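Peer 1: Can you keep this structure in mind? I'll have questions shortly.
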Amino acid sequence: VRPRVKPGAGKVAEGVRPRVKPGLVFLTTLDRSRPSSFPLPCAATRVWCGQMTGAAVQQDDSHITLITPTAPMHTHTHGGRAKCLQRLVRLDLPVPRTVALSFEAVHRIAAGEVPDMARFLAPFGDAPLLCVRPSSEDPDWGGPGAVLNIGINDARFVELSERIGKVAASHIYLRFVQAYAIHVARLDPDVFEDVSPDPVLGLSQALKAYESEAEEEFPQDPGKQLTEVLRSMARAWEGTTARLLRQAKGA
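The number in my numbering is simply the position in the sequence shown, starting from 1, with 1136 added.
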C-alpha cells in the first residue's frame, strides 16, 4: 500500500542526506523479583515490577536518561513514547522504571559506539528482564519492533521456573531466543522450522539450533544481549529502506 503524502513531502536537495531523528530506544523492566517502594503488576509475565528507590543513575547524562518527573525529556530529543511515559510518571501512575536514549545516542550506537552496560543496567537492579522499544519524534514514522525479555538466560530460566512454572518460563525463554536469533543475530527463520510446539522441548531444540547455525552458544550475559539488541535496533533506523519510508511520510 502506497502511503498518502502531501505534494512535495519528503523531497530533499540532490546529494543531501537528511539528518532524520530516529526513535529513541528505551528500556522498561518486565520483571522484578524483589519489588521495593511499591509493587507494579506486569501483564507481560504476570509477575511484579517495582520502582527502586535511591537509584539516581543516568541523571547526569542528557543522552541516557532515567525517566523521572523532572528529567529533561522532550519529544524532539527523545521521541513521543518517552515523553508520554514521563507524563504518566508525573501523574503518579504505576510506570515501570525506564531509561530513555536520545536521538543522538541512537545515532552513536548505530555508528558503533556502545554505552557502558554496567552503568546502563544499574537502575534495574539484579537480573531484570527488560524490553527495548522505539520512540520516534513522529508516530507515523513507525520504527523497529520491540524486543522483549532481554536478560533471560539459563540461570534466570531456572529461577523463573520455580516461580511461574517450567512451561511458562520455557515459553518466555523460547520467544526471546527466536526473536534474538532472527532480528539481532540475523539467522534464517527456517532454522526453527522443526522446533516442537511444546515450549519445554522447543526451548532445548531452539538453543541447539542457534548454536549450530551461529557456531556459538546463545549469549548468557544480559549486558551482551542488550548491547546487541541496541546495536541492531539503532542500525535498523539507519537502513536505506527505513530512511526512504520516513522521507515518504515527510520526515
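Just so it is clear, CB atoms sit at the ideal spot from N, CA and C, and this is done for glycine as well.
Nothing here was measured: the structure is a model prediction, and the numbers come from that model.
Shortest alpha-carbon distance to residue 1233 belongs to which of 1224, 1240, 1239, 1274?
Peer 2: Position 97 of the sequence shown, counted from the first residue, corresponds to residue 1233. Residue 1233 has its Cα closest to that of 1224, out of 1224, 1240, 1239, 1274.
Peer 1: Report buried or exposed for residue 1307, applying the criterion of at least 16 other Cβ atoms within 10 angstroms of its Cβ.
Peer 2: Here the question's residue 1307 lines up with position 171 in the sequence shown. Per the 10 Å Cβ criterion, buried.
Peer 1: In the DSSP assignment, find the beta strand (DSSP E) that holds residue 1308 and state where it starts and stops.
Peer 2: As a first step, residue 1308 must be located in the sequence shown, where it is residue number 172. From DSSP, residue 1308 is part of no beta strand (DSSP E) but of the alpha helix (DSSP H) over 1302 to 1315.
Peer 1: Mapping DSSP to helix, strand and coil, what is residue 1168?
Peer 2: Taking the sequence shown and counting its residues from 1, one reaches residue 1168 at position 32. With a pLDDT of 41 at residue 1168, under the threshold of 50, the modelled position of that residue is not reliable, and the figure given next carries that caveat. Here residue 1168 sits in coil by DSSP.
Peer 1: With distance defined between alpha-carbon atoms, name the residue in 1356, 1353, 1332, 1371 nearest to residue 1320.
Peer 2: In the sequence shown, residue 1320 corresponds to position 184, counting from 1. Considering only alpha carbons, the answer is 1371.
Peer 1: DSSP has residue 1363 in a bridge; who is on the other side?
Peer 2: Indexing the sequence shown from 1 puts residue 1363 at position 227. Residue pairing by DSSP places residue 1363 opposite no residue, since no beta bridge is assigned to it.
Peer 1: Using three-state DSSP, classify residue 1203 as helix, strand or coil.
Peer 2: Stepping through the sequence shown from its first residue, residue 1203 is reached at position 67. In the three-state reduction of the DSSP assignment, residue 1203 falls in the coil class, being assigned neither a helical nor a strand state.
Peer 1: When DSSP labels each residue in this structure, what does residue 1288 get in the three-state scheme?
Peer 2: Walking along the sequence shown from the start, residue 1288 turns up at place 152. In this structure, residue 1288 counts as coil in the three-state DSSP scheme.
Peer 1: When the Cα atoms are used, what is the spatial distance from residue 1374 to residue 1243?
Peer 2: Mapped onto the sequence shown, residue 1374 falls at position 238. Mapped onto the sequence shown, residue 1243 falls at position 107. If I take the Cα positions, the gap works out to 8 Å.
Peer 1: State the Cα-Cα distance for the pair residue 1334 and residue 1348, rounded to the nearest angstrom.
Peer 2: Locating residue 1334 in the sequence shown gives position 198, where the first residue counts as 1. Locating residue 1348 in the sequence shown gives position 212, where the first residue counts as 1. Going from the Cα of residue 1334 to the Cα of residue 1348 covers about 21 Å.
Peer 1: Could you tell me the alpha carbon to alpha carbon distance between residue 1331 and residue 1343, rounded to whole angstroms?
Peer 2: Residue numbering aside, residue 1331 sits at position 195 when the sequence shown is read from its first letter. Residue numbering aside, residue 1343 sits at position 207 when the sequence shown is read from its first letter. Looking at the two C-alpha atoms, the distance is approximately 10 Å.
Peer 1: Mind checking which residues open and close the alpha helix (DSSP H) that includes residue 1344?
Peer 2: In the sequence shown, the residue the question calls residue 1344 occupies position 208. Per DSSP, residue 1344 belongs to the alpha helix (DSSP H) from 1335 to 1350.
Peer 1: Give the straight-line distance between the Cα atoms of residue 1231 and residue 1299, rounded to the nearest whole angstrom.
Peer 2: In the sequence shown, the residue the question calls residue 1231 occupies position 95. In the sequence shown, the residue the question calls residue 1299 occupies position 163. Cα to Cα, the separation comes out at about 23 Å.
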